[in-house]
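Colleague: Sharing a structure below in structure tokens format, with a few things to ask.
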Amino acid sequence: MSSQSNRLTKGGHINRANPLTFSFDNKIYQGFEGDTLASALLANGVRLMGRSFKYHRARGVLTAGSEEPNALVELRQGARREPNTRATMIELFDGLAATSQNRFPSLSFDFMSVNQLFGRFLVAGFYYKTFMWPSSFWESFYEKIIRRSAGLGRAAVESDPDQYDHSHGHCDVLVVGAGPAGLAAALSAGRSGARVILVEENPWLGGALNLQNDRIDDMPATQWIEAVSKELNALENVRVMSRTVLFGYYDGNVMGALERVNDHVAPPYSDQPRQRLWTIRAKEIVIAAGAHERPIVFDNNDKPGVMLSSAVRTYVDRFGVAPGKTVAIITNNDDAYLTAFQLHAAGIEVPVIADARVNPGDLVEKARELGIRVETDCLPHEAQGYLGVTNLLLQRSDGSLIEKIACDCIAVSGGYSPNVHLVSQSGVRPVWDEKILGFIPDTPIRAERSAGACKGTYDLAGCLGEGHEAGLAAAKAAGIAVAKSAVAPQAGPQPQSSIVAVWRSPGKGKAFVDFQNDVTAADIDLAHREGMVSIEHSKRYTTLGMATDQGKTSNVNGLALLARARGEDIPTVGTTRYRPPYSPVAIGAFAGHERGVHFQPTRLTAMHRAHERLGAVFVEVGQWLRPRYYPINDKETMTQAIWREADMVRKTVGMCDVSTLGKIEVFGPDAAEFLNRLYINGFAKLPVGKARYGLMLREDGHVFDDGTTSRLAEDHYFMTTTTANAAGVLSHMDYCAQVVWPELDVAFCSATEQWCGVAVAGPRARDVLTAAFDGAIDMSNEVLAFMGVKEFTWNGATARIFRISFSGELAFEVNVPWGYGEAMWESIYAAGKDFDLIPYGTEALGVLRIEKGHVAGNELDGRTTAQDMGLGRMMSSKKPYIGLPLSQREGMADEMRPRLVGLKPVDTKNRLRGGAHLVDDKNNATHETSLGWVTSVGDSPAIGSWIGLAYLKDGPNRHGERIFAVYPLKDEVVEVEICDPVFFDAKGERLHG
Amino acid sequence: MAEFNIVTPLSHLGLVAGKGTSSAGVLLADRPGLAIAQVFAKKGKTAAVAKKLGISAEPCVATSHENYTALPLSPGQWMLFATTGADGSFQRLLEKQIGKNGYVSEQSHSRAAIRISGAKVLDVLSKECRLDLHSSVADVGFCAQTTMSGVGVLMHKIDDSPTFDLVVFAGFADSFWHWITQASAEYGVELSRD
Amino acid sequence: MHRIDCPWCGVRDESEFQYQGDATVSRPKFKASEEAFFRYAYVRENPRGWHTEWWHHVGGCRQWVKVVRNTLTHEIHVTGTPADKLAHPRKVKSP
Amino acid sequence: MHYSALSLLWQGLKGHKGWGRMWRDPEPKSEYDIIIIGGGGHGLATAYYLAKEHGLKNIAVVEKGYIGGGNVGRNTTIIRSNYMLSPNTHFYEKSMQLWEGLEREFNFNAMVSQRGIINLYHSDAQRDAFARRGNAMRLAGIDAELLSPEELKERVPILDFDNARFPIEGGLCQPRGGTVRHDAVPWGYARGADSRGVDIIQNCEVTNIRIEGGRAVGIDTNRGFIGARKIGMAVAGHTSHIAAMAGIELPVESHVLQAFVSEGIKPLLDTVVTFGAGHFYVSQSDKGGLVFGGDLDGYNSYAQRGNLPMMGHVMAGGMAIMPSIGRIRMLRQWGGIMDMSFDGSPFICKTGIDGLYLNGGWCYGGFKATPASGWCFAHTIARDEPHALNAGFTIDRFKQGRMIDEKGVGPNPWIQ
Ligand SMILES: Cc1cc2nc3c(=O)[nH]c(=O)nc-3n(C[C@H](O)[C@H](O)[C@H](O)COP(=O)(O)OP(=O)(O)OC[C@H]3O[C@@H](n4cnc5c(N)ncnc54)[C@H](O)[C@@H]3O)c2cc1C
Ligand SMILES: NC(=O)c1ccc[n+]([C@@H]2O[C@H](COP(=O)([O-])OP(=O)(O)OC[C@H]3O[C@@H](n4cnc5c(N)ncnc54)[C@H](O)[C@@H]3O)[C@@H](O)[C@H]2O)c1
Ligand SMILES: Cc1cc2nc3c(=O)[nH]c(=O)nc-3n(C[C@H](O)[C@H](O)[C@H](O)COP(=O)(O)O)c2cc1C
Ligand SMILES: [Zn+2]
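Now the structure itself:
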């Protein structure tokens with residue numbers, strides 16, 4: 000175990016009493032509670048943490064936050080392996096294991112770093128110009144290589160074992176970021192009584208304030224942070240969420256947030272989710288997201304050891320880590336001076352502050368007083384070193400070299416870019432502020448306001464004041480009565496920092512703009528030369544800003560370089576589009592608990608448990624589970640079971656759960672008229688106590704749905720729909736009743752789950768039911784003729800019996816209230832023992848209905864008309880109805896459209912397949928000669944062969960002819976005879992039995 | 000005939016009655032056997048029906064009587080709940096009460112009712128409920144139809160502790176129960192039957 | 000994410016609703032010509048800007064809600080019942 | 000400049016100083032023989048084929064923003080020709096064949112990657128519906144295969160066969176389907192068109208189409224009037240808006256379709272998988288990002304951006320069949336505007352106005368059509384009559400009741 004060689008002896012918000020053991024690339028290290036992986040590695044003197052995307056250059060950590068482009072690792076192992084995890088955001092826990100990525104065989108020796116040698120060829124857009132010779136080599140060879148060397152970490156291949164959750168938030172004021180501006184905003188809004196949610200990405204509050212030695216309200220900054228967080232936590236109307244990032248600003252003033260509930264501890268997290276995805280609806284939003292420091296573009300500026308100045312300060316201050324023994328500083332603004340002072344205070348050597356400004360101001364004196372050397376009008380030329388910085392070369396702005404400084408860390412500040420990411424997502428345009436050399440948000444277009452550094456305000460007093468005002472304004476806008484007397488937290492004034500533009504420090508080497516994607520200054524020039532003049536073209540051609548950090552530290556430098564190439568100013572060039580997420584979000588978090596079998600809810604019928612007891616094999620029908628078939632033992636195959644079930648229905652009797660059919664109760668004096676307008680056939684004259692099969696069209700004339708509807712009373716109908724269209728039909732009825740014919744007095748509601756149903760079909764159906772219901776109802780032809788409906792009482796429950804048949808047998812459907820379903824099933828099943836009753840599933844149901852030529856889902860594919868189905872005669876000529884006018888269009892009324900027929904194989908040993916096409920000449924089977932297709936097939940016991948339904952051009956006029964069913968996917972051709980779609984008992988004698 | 004057995008959507012879970020004294024953050028109770036009926040007013044008869052039944056026709060405001068609770072569903076439509084009468088007698092009673100002013104659809108068997116209470120109620124509900132259930136917005140008596148975990152839910156705030164009744168379609172009861180017990184697990188959950 | 004003010008239920012998330020298209024077309028009387036029905040089914044407004052449209056509150060009260068919404072900004076100006084006549088906030092420029 | 004191994008080597012050694020512009024940035028002339036409105040894939044391809052196949056000169060493409068900034072630059076890059084209904088079947092196969100020769104044709108590597116596309120099915124009924132389509136393809140000479148669960152497991156090991164809400168029964172695969180680098184398509188066509196003299200005019204928004212005596216005579220733009228003898232509209236999501244400038248009503252609505260890309264990861268998925276029942280599809284880009292797509296947002300919109308609910312739906316769809324992707328992070332979401340026609344099929348046709356031609360109604364599937372669309376549209380404009388391949392893509396098919404509705408949902412784009 001190596002010692003923490005770069006750990007400072009004191010300082011930092013770490014718990015030295017709690018050492019933690021972790022590993023990186025299988026090497027064991029120690030850190031402390033409160034560390035991040037990045038800080039702990041630095042503490043152990045590890046600078047090399049990753050390899051870049053294209054050139055596989057050695058990279059160390061650049062930042063101390065979520066904007067990190069370089070230090071990406073694979074965190075955890077096995078099914079929990081998480082690629083591309085920013086070491087700066089990984090809170091250390093005991094036993095943490097991380098692995099470097101995008102390198103082979105090891106981080107310090109990476110074969111792919113030969114890419115650097117070819118670097119001169121691998122410039123922006125190189126792949127568009129190459130890999131074309133010979134052309135067949137692209138997929139077989141080049142692409143494989145590109146893909147393998149691209150990508151970053153490796154994803155897990157096993158199912159993610161962790162849980163994720165969702166949550167929904169509501170507030171008056173949502174505050175983004177808990178820096179000084181955000182804290183002040185939360186405080187003023189919270190004190191005024193508004194419901195506030197304060198969200199902070201980091202585990203701690205305070206933002207950049209943690210790095211400042213200023214005093215607020217006469218307290219040291221860190222003490223003030225503590226006091227404020229205590230007060231906020233005590234306010235009942237305020238919710239403080241740390242370790243939570245707001246990743247997207249959406250319509251309706253809704254923000255998406257990701258809470259890292261358990262990412263900072265070792266798994267598993269019993270019963271708790273790993274992460275929680277929040278949808279927060281805010282009346283008003285205060286954005287106080289701070290600013291990101293950006294690097295300076297100079298030769299080899301990507302060497303491990305080159306870090307942002309604020310990051311260096313963070314490592315020293317928050318983590319008690321020396322990022323280097325000797326830290327040279329380069330800057331174009333005041334920020335790096337604070338870093339120098341901090342380093343100095345921690346006893347770390349600062350050989351030089353190289354300041355690009357000619358006249359930096361007062362801080363120079365202060366630095367020199369401390370004995371720190373300051374060079375003005377001084378720029379970096381090159382960072383040197385192999386796997387990490389060893390030297391820094393300095394130059395004047397004219398390109399003349401000054402000297403070589405030995406150092407193992409370079410702290411860089413190229414100024415700050417206000418974090419306008421979220422606000423830009425809302426549609427606000429970022430506008431250039433020449434004073435700070437950064438983009439700030441234009442006027443809000445949503446219920447939102449920015450405060451603090453994200454708006455370009457960099458002095459502490461300003462941030463506090465703006466935050467305070469924004470909190471009050473937001474609360475007020477949310478309708479809260481705000482006290483006028485509230486005062487903002489006070490801080491002393493700070494000097495205005497000046498800044499000078501250094502977009503590219505002169506040099507001829509590789510100078511990186513976008514670190515992760517290896518976009519150099521030269522790439523941007525090249526893209527421009529090739530015509531990529533628009534910033535969006537430049538981005539796409541060079542991939543600037545397209546890496547996992549989305550260019551947080553690189554975009555402004557990049558577009559400034561493009562502006563230089565175009566000879567135009569930065570605002571003319573503009574920014575690329577900001578898009579969610581602000582920082583990448585795990586896919587699992589979006590899915591939440593909707594995974595695996597819980598992807599969608601499952602709907603069960605009242606008799607589900609009875610089916611389970613009978614060993615049913617279930618099938619998904621929409622959200623329902625229905626019995627597909629009931630194998631009698633382990634040996635019976637599905638095919639055998641289906642055949643047996645269908646056979647038994649015809650021979651004796653079968654029972655089937657038909658509860659999933661949509662059921663709608665329709666009431667009202669105008670119910671009859673209403674149904675008349677919905678169905679193509681008449682329902683107004685349907686006698687009470689009778690059922691009728693009905694067909695509905697869509698407005699465009701195609702068939703929508705079918706089902707039997709019964710009249711229970713003058714003003715009360717009971718409608719059924721197909722399982723698939725139950726919801727659609729109800730919505731359609733809502734539309735018709737509320738929008739189209741509001742004058743009709745009609746009311747309806749779903750009764751699908753109030754009633755469950757069993758179909759009992761077969762020659763012994765009546766016998767079984769008589770026994771099952773103990774004679775509670777007379778089912779004789781005289782009392783209950785075909786299409787009759789009766790109500791009766793069974794064990795105290797209202798039951799309804801319908802003399803309808805889908806199978807063509809003597810059949811009844813009995814509906815009872817849900818709670819009686821299982822009992823009814825059991826009663827019928829028990830009564831059936833004496834009559835050889837079998838339960839049958841959807842498959843046998845399918846065979847039986849095909850034998851009778853009844854259309855179902857397969858025939859109702861949204862492109863068919865009533866005529867196509869052979870149901871044209873049902874279209875009433877006595878009344879208008881939905882779909883009639885447009886069904887008369889020439890192409891829909893065309894007699895030559897494929898229409899419903901039956902098919903039988905000429906050789907009865909052959910099977911038929913759904914999806915086969917029909918042709919006259921098997922030797923001339925083409926797309927053009929296809930005359931139709933097979934919709935449904937079944938192995939029919941009654942017919943003794945496979946049978947099928949099909950749509951065939953001019954089919955009804957071709958009964959008796961022989962054609963071919965071709966299925967090229969399996970190279971099958973079957974000769975078939977065209978027949979009437981009703982294969983069995985064409986006269987319907989059994990039905991009336 | 001085998002012993003006659005009326006099931007309710009969650010009866011297969013074998014939950015037992017009675018609240019325990021555990022420190023669970025969430026208490027979930029199946030409320031089987033309620034009488035439920037959907038009442039419709041004929042055109043222009045909303046006020047008449049409301050008056051006959053003594054219930055509010057205002058959106059989102061439940062009316063609780065000694066014998067039944069009425070939750071308005073949409074203009075001229077309510078769902079009514081009673082502890083007895085699931086055999087259809089509640090529906091018939093209501094039919095009689097409103098006379099020619101409207102219609103009543105028997106729905107006693109169509110739904111499962113789940114009562115949720117305990118200190119962490121809002122934490123659990125906010126996982127899937129998109130509505131703002133803060134007491135400043137949703138007072139006692141608040142009721143709404145919404146969607147949770149992909150399932151349509153009719154919810155009703157019973158008391159200030161707070162306690163909510165969640166009513167879902169019978170076919171979805173299993174799925175919904177699975178979700179809500181899972182969602183409650185992290186807070187400690189106690190399951191029972193009313 | 001749209002937040003739609005259902006006249007019955009109050010403000011609800013988009014996910015509870017099913018969008019149902021242009022609300023400025025209304026179904027012709029049964030006696031109307033095939034052409035009228037053709038226009039009803041196939042000719043709709045597709046403006047860049049304010050659009051009057053149907054959102055069916057299937058996940059709530061099941062009412063059809065008329066919504067005036069901007070197709071460029073997704074701002075919702077006003078909502079109402081089918082009987083309400085809703086105006087756009089400004090005159091839309093004809094394209 | 001021609002791209003070759005030699006030019007690449009030479010430029011590499013010279014520091015890439017000699018690469019010239021891929022397309023010029025000309026000022027618009029006062030008049031062109033043909034103006035194509037819309038610098039997307041279809042518009043640029045049309046100009047390219049007009050010049051190349053029909054030998055026409057004096058052509059301009061006008062683009063309101065930057066070329067390729069529309070749907071061609073924001074789509075999920077899937078190409079396939081697995082259509083069931085004529086004339087789609089032959090048209091998309093023509094496109095596939097053009098893709099297959101594209102690199103040689105315009106000396107630009109568009110990274111056409113025939114990685115295969117697999118449509119999963121979960122029931123026998125779905126299988127039969129796919130079989131109908133697959134058989135229709137095979138009858139048209141197009142490749143299609145039905146994959147068994149075993150074959151699927153082999154091809155896509157991260158699919159979950161054990162714990163899925165809708166168990167996977169198999170898939171319909173088109174091996175020649177795949178992906179193409181989206182940005183390379185407009186750039187390649189632009190480079191090819193430019194080198195044949197086509198003026199590509201960016202930042203030029205068409206505000207009006209001038210019609211005189213029943214003839215289109217030119218366009219008004221933010222850069223002034225530009226005369227033309229023939230005008231082709233190829234503006235995808237803005238089709239009905241542009242057509243309205245000429246007084247043409249179209250059965251088209253504009254809807255947003257979103258796409259999502261994950262952080263780059265090492266190769267995980269080497270084919271395109273679509274999970275229709277979960278409204279989800281995915282492929283992996285050459286850069287390593289998983290590129291995801293789903294359904295339309297489902298309401299008329301011109302807001303070119305994504306939203307939260309759809310991101311949730313699509314990711315849940317992904318987790319439903321590939322539960323190992325849970326820890327991969329979503330990097331970016333965006334949207335594009337679809338010109339949803341009322342049967343899901345396109346228009347490439349003449350309009351009632353002389354000299355004005357329509358290309359549109361591409362819905363969410365027009366990227367794969369780009370080469371054939373340009374090719375057919377060029378033919379239609381140059382010859383003033385459609386090619387047999389696009390003869391069915393007319394506007395009046397709706398009046399005639401001869402819709403080409405692959406999905407069968409009728410004129411309701413939001414449920415397509
Ligand atoms: C998220 C998403 C995923 C998709 N996935 C796929 C897929 O996987 N496979 C597939 O085949 N298809 C896919 N598509 C569809 C496909 O991208 C489009 O159908 C196709 O690109 C449209 O043709 P285009 O390239 O010409 O359109 P565009 O690129 O949109 O070109 C139209 C151009 O017209 C310009 N324009 C508009 N108005 C004017 C005006 N007034 N003046 C001047 N110029 C104007 C626009 O700026 C635009 O550049 C997807 C689309 C999206 C958005
Ligand atoms: N010296 C300089 O030149 C300089 C420049 C800029 C800022 N500053 C200092 O920085 C401070 C700025 O204060 P402030 O409050 O505006 O910003 P801040 O940087 O202190 O705080 C912003 C906070 O927002 C959080 N955040 C950002 N995006 C987020 C998101 N999407 N979700 C959740 N959290 C998010 C960050 O983690 C951070 O904690 C002041 O103290 C100022 O003096 C100094
Ligand atoms: C196939 C494909 C892959 C993409 N990969 C990335 C990516 O790796 N990183 C990234 O930032 N954006 C990626 N994008 C998204 C683009 O950055 C951009 O969002 C998209 O082209 C839409 O443009 P807009 O966001 O500027 O409107 C990709 C886009 C497509 C179409
Ligand atoms: Zn509502």
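Chains as they are written, first to last, in numbering that gives the first Met the number 0: chain P, 0 to 992; chain Z, 0 to 193; chain F, 0 to 94; chain U, 0 to 415.
Note that the Cβ used here is the ideal one computed from N, Cα and C, for glycine as well.
Note that the structure is predicted; figures quoted are calculated from it, not measured.
1) Could you say if the region 246-258 of chain U and the region 327-337 of chain U meet the contact criterion of at least three C-beta pairs nearer than 8 Å?
2) Quick check on this structure: which residue in U:Trp-18, U:His-41, U:Ser-6 and U:Arg-20 has the alpha carbon closest to the alpha carbon of U:Trp-374?
3) Return the chain-ordered list of same chain residues with a C-beta closer than 7 Å to the C-beta of U:Gly-17, the five sequence neighbours on each side being excluded.
4) For P:Gly-304, which option in P:Pro-322, P:Glu-698, P:Arg-293 and P:Arg-312 has the closest C-alpha, if you only look at C-alpha atoms?
5) Going along the chain, which residues of its own chain have a beta-carbon closer than 7 Å to the beta-carbon of F:Ser-93, five neighbours each way excluded?
6) Would you mind giving the Cβ-Cβ distance between P:Ala-86 and U:Gly-287, rounded to the nearest angstrom? I have them listed as a contact below 8 Å.
7) Mind checking whether U:Phe-105 and U:Arg-23 have CB atoms under 9 Å apart?
8) Could you name the residues of chain F that P:Gln-887 contacts, counting a contact when the two beta carbons are closer than 8 Å?
9) Give every residue of the same chain whose Cβ lies closer than 6 Å to the Cβ of P:Gly-384, excluding the five residues on either side of it in the sequence, and list them in chain order.
10) Hey, out of P:Val-227, P:Asp-699 and P:Ala-829, whose CA is closest to F:Val-42's CA?
11) Is P:Asn-69 helix, strand or coil when you go by DSSP?
12) What are the partner residues of P:Asn-814, as DSSP defines its beta bridges?
13) P:Trp-223 lies in the alpha helix (DSSP H); which residues open and close that run?
14) Between P:His-991 and ligand 1, is the CB less than 8 Å from at least one heavy atom?
15) From the DSSP output, in three-state form, read off U:Cys-348 for me.
16) Just checking P:Ala-450 against ligand 2 - is the residue's beta carbon closer than 8 Å to any of the ligand's heavy atoms?
17) Compare the C-beta of U:Asn-306 against all C-beta atoms of chain P and say whether one is closer than 9 Å.
18) So with Cβ pairs under 9 Å, would you call U:Val-397 a contact of chain F?
19) Considering P:Glu-81, what are the terminal residues of the beta strand (DSSP E) in which it resides?
20) Checking contacts by CB at 9 Å: is P:Ala-822 closer than that to chain F?
Modeller: Based on what the coordinates show:
1) Short answer: they touch.
2) Looking up residue 374 of chain U in the fourth sequence gives position 375. Each of U:Trp-18, U:His-41, U:Ser-6 and U:Arg-20 was checked against the Cα of U:Trp-374, and the nearest Cα belongs to U:His-41.
3) Indexing the fourth sequence from 1 puts residue 17 of chain U at position 18. Correct list, in chain order: Gln-10.
4) Mapped onto the first sequence, residue 304 of chain P falls at position 305. Closest option to P:Gly-304, judged by alpha-carbon separation, among P:Pro-322, P:Glu-698, P:Arg-293 and P:Arg-312: P:Pro-322.
5) By one-based count along the third sequence, residue 93 of chain F stands at place 94. For F:Ser-93, the pLDDT reaches just 43, beneath the cut-off of 50, and the residue's location in the model is therefore unreliable, although a value from the coordinates is still provided. Cβ within range, chain order: n/a, list empty.
6) If you number the first sequence from 1, residue 86 of chain P lands on position 87. If you number the fourth sequence from 1, residue 287 of chain U lands on position 288. Not quite, the Cβ-Cβ distance comes to about 20 Å (not below 8 Å), so this is no contact.
7) As a first step, residue 105 of chain U must be located in the fourth sequence, where it is residue number 106. As a first step, residue 23 of chain U must be located in the fourth sequence, where it is residue number 24. Note that the C-beta distance between U:Phe-105 and U:Arg-23 is not below 9 Å.
8) As a first step, residue 887 of chain P is located in the first sequence; it is residue number 888 there, counting from the start. Per Cβ cutoff of 8 Å: Glu-33.
9) Position 385 of the first sequence, counted from the first residue, corresponds to residue 384 of chain P. Closer than 6 Å at the Cβ level, and outside the excluded window around P:Gly-384, lie Lys-302.
10) Translated into the one-based positions of the third sequence, residue 42 of chain F becomes position 43. When only C-alpha atoms are compared, the closest one is P:Asp-699.
11) Mapped onto the first sequence, residue 69 of chain P falls at position 70. Note: P:Asn-69 maps to coil in three-state DSSP.
12) Taking the first residue of the first sequence as 1, we reach residue 814 of chain P at position 815. P:Gly-756 and P:Arg-799, per the DSSP bridge assignment.
13) Stepping through the first sequence from its first residue, residue 223 of chain P is reached at position 224. For P:Trp-223, the enclosing alpha helix (DSSP H) covers residues 220-233.
14) For the purposes of this step, residue 991 of chain P is taken as residue 992 along the first sequence, with counting starting at 1. Residue side-chain check: P:His-991 keeps its Cβ at 8 Å or more from all non-hydrogen atoms of ligand 1.
15) For the purposes of this step, residue 348 of chain U is taken as the residue at position 349 of the fourth sequence. Of the three classes helix, strand and coil, the one that applies to U:Cys-348 here is strand, per DSSP.
16) Counting from one through the first sequence, the residue named residue 450 of chain P turns up at place 451. Short note on P:Ala-450: C-beta closer than 8 Å to some heavy atom of ligand 2.
17) Taking the first residue of the fourth sequence as 1, we reach residue 306 of chain U at position 307. Yes, its Cβ sits closer than 9 Å to a Cβ of chain P.
18) Position 398 of the fourth sequence holds residue 397 of chain U. Going by the sequence as given, residue 397 of chain U is Phe instead of Val. At least one CB atom of chain F sits nearer than 9 Å to the CB of U:Phe-397.
19) Sequence index remark: in the first sequence, residue 81 of chain P carries index 82 (1-based). Membership of P:Glu-81 in the beta strand (DSSP E) is indicated by the continuous run 81-85.
20) The residue you call residue 822 of chain P lines up with position 823 of the first sequence. Chain F, which has no Cβ nearer than 9 Å to the Cβ of P:Ala-822, makes this no.
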